Every structure is written in C-alpha cells, then in structure tokens.
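Enquirer:
Numbering (the working numbering), first residue to last: 1 to 125.
Right under this line is the structure:
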C-alpha cells in the first residue's frame with residue numbers, strides 16, 4: 001500500500017502517527033497470513049467418481065479436475081473417501097474456470113498415508 005501526502009496540509013505529528021499506523025497494519029497483515037485457516041474438503045466415492053478426473057504425475061504430484069466445492073483454496077486439504085480408506089491431499093495450486101466458477105483444476109500432493117480415520121475437518125461436496 002502506498003500513501004502519498006500533501007506536505008502543505010499535514011504537520012509532523014500527523015505524519016509520525018500515520019507512519020506508526022502503517023507499521024502496525026503491516027505487521028498485523030503478516031501475522032494474519034502466517035495463521036491462515038486451512039479447510040478440509042471431503043468428497044465421498046460416489047461424488048468423486050462422477051464429478052472428478054484424477055491424474056497422477058511422476059513423483060508425488062497429482063492433478064484433480066472437478067466441479068463443485070467452489071470454496072477450495074490453496075493450502076486447503078482434499079479428502080477422497082471410499083469404502084475402505086481416505087486419501088488425503090493438500091492443494092498446491094487451484095484455478096477456477098472463468099465461465100463456470102464451479103469448475104476447477106488443482107495440483108495436489110499427498111499430505112499423509114491413506115487412513116481409515118474419518119475425524120478430520122469440515123465437509124464439502
């Protein structure tokens with residue numbers, strides 16, 4: 001954020017207070033970014049088999065193309081559930097289709113081993 005002041009209409013005390021305010025706001029913004037909330041989006045097998053395309057690349061990178069879940073953001077978690085286990089991924093990047101905001105493509109990486117524990121986070125889908 002850039003602030004331009006007309007020196008003819010401000011005094012030294014006002015400038016000093018504004019400078020202090022800018023420092024405080026800047027540090028608050030950095031602190032907020034450091035503790036951003038990560039949401040867990042769960043999709044049952046019937047949902048992800050019908051509405052998603054899942055591709056695996058070399059290494060631990062995966063691509064998921066889907067519809068629905070328009071609140072998914074970078075660093076959120078996606079859990080793909082089936083009858084026997086949950087596969088958990090973290091979103092590295094996500095792009096939404098400009099024409100249809102509920103269509104998206106995300107790059108993912110696995111965030112832990114598949115598990116039968118279903119106690120983690122919020123639901124989506």
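Note that the Cβ used here is the ideal one computed from N, Cα and C, for glycine as well. Quick caveat, the model's predicted, so the values are computed rather than measured.
In this structure, how does DSSP classify residue 106 when only helix, strand and coil are distinguished?
Expert: Along the chain shown, read from residue 1 onward, the residue named residue 106 stands at position 106. In this structure, residue 106 counts as strand in the three-state DSSP scheme.
Enquirer: Do you know whose CA, among 16, 39, 45, lies nearest residue 85's CA?
Expert: Here residue 85 corresponds to residue number 85 of the chain shown, with the count starting at 1. Closest by alpha carbon: 45.
Enquirer: By how many angstroms is the C-alpha of residue 22 removed from the C-alpha of residue 16?
Expert: Indexing the chain shown from 1 puts residue 16 at position 16. Indexing the chain shown from 1 puts residue 22 at position 22. The alpha-carbon atoms of residue 16 and residue 22 are separated by roughly 10 Å.
Enquirer: Once you ignore the five residues that flank residue 121 on each side, which residues in its own chain have a CB closer than 6 Å to its CB?
Expert: In the chain shown, residue 121 corresponds to position 121, counting from 1. For residue 121, the pLDDT reaches just 44, beneath the cut-off of 50, and the residue's location in the model is therefore unreliable, leaving the point undetermined.
Enquirer: Whole angstroms are fine: how far does the CA of residue 102 sit from the CA of residue 14?
Expert: Along the chain shown, read from residue 1 onward, the residue named residue 14 stands at position 14. Along the chain shown, read from residue 1 onward, the residue named residue 102 stands at position 102. So the two alpha carbons sit approximately 47 Å from each other.
Enquirer: If I'm right that residue 108 touches residue 72 with Cβ under 8 Å, what's the distance once you round it to whole angstroms?
Expert: Along the chain shown, one-based indexing puts residue 108 at 108. Along the chain shown, one-based indexing puts residue 72 at 72. Going by Cβ atoms, the distance from residue 108 to residue 72 rounds to 10 Å, so no, they are not a contact pair.
Enquirer: So residue 81 packs on residue 54, CB below 8 Å; how close in whole Å?
Expert: Against the chain shown, residue 81 aligns to sequence position 81. Against the chain shown, residue 54 aligns to sequence position 54. Wrong, their Cβ atoms sit about 13 Å apart, outside the cutoff.
Enquirer: Who does residue 66 pair with in a DSSP beta bridge?
Expert: Mapped onto the chain shown, residue 66 falls at position 66. Answer is 52, 104, bridged to residue 66.
Enquirer: For residue 62, collect the residues of the same chain with a Cβ closer than 8 Å to its Cβ; drop the 5 residues on either side in sequence, then sort them by chain order.
Expert: Translated into the one-based positions of the chain shown, residue 62 becomes position 62. Correct list, in chain order: 54, 55, 56, 89, 107, 108, 109, 110.
Enquirer: Just how far apart, CA to CA, sit residue 112 and residue 104?
Expert: Counting from 1 along the chain shown, the entry for residue 112 is found at position 112. Counting from 1 along the chain shown, the entry for residue 104 is found at position 104. Distance between the alpha carbons of residue 112 and residue 104 is about 23 Å.
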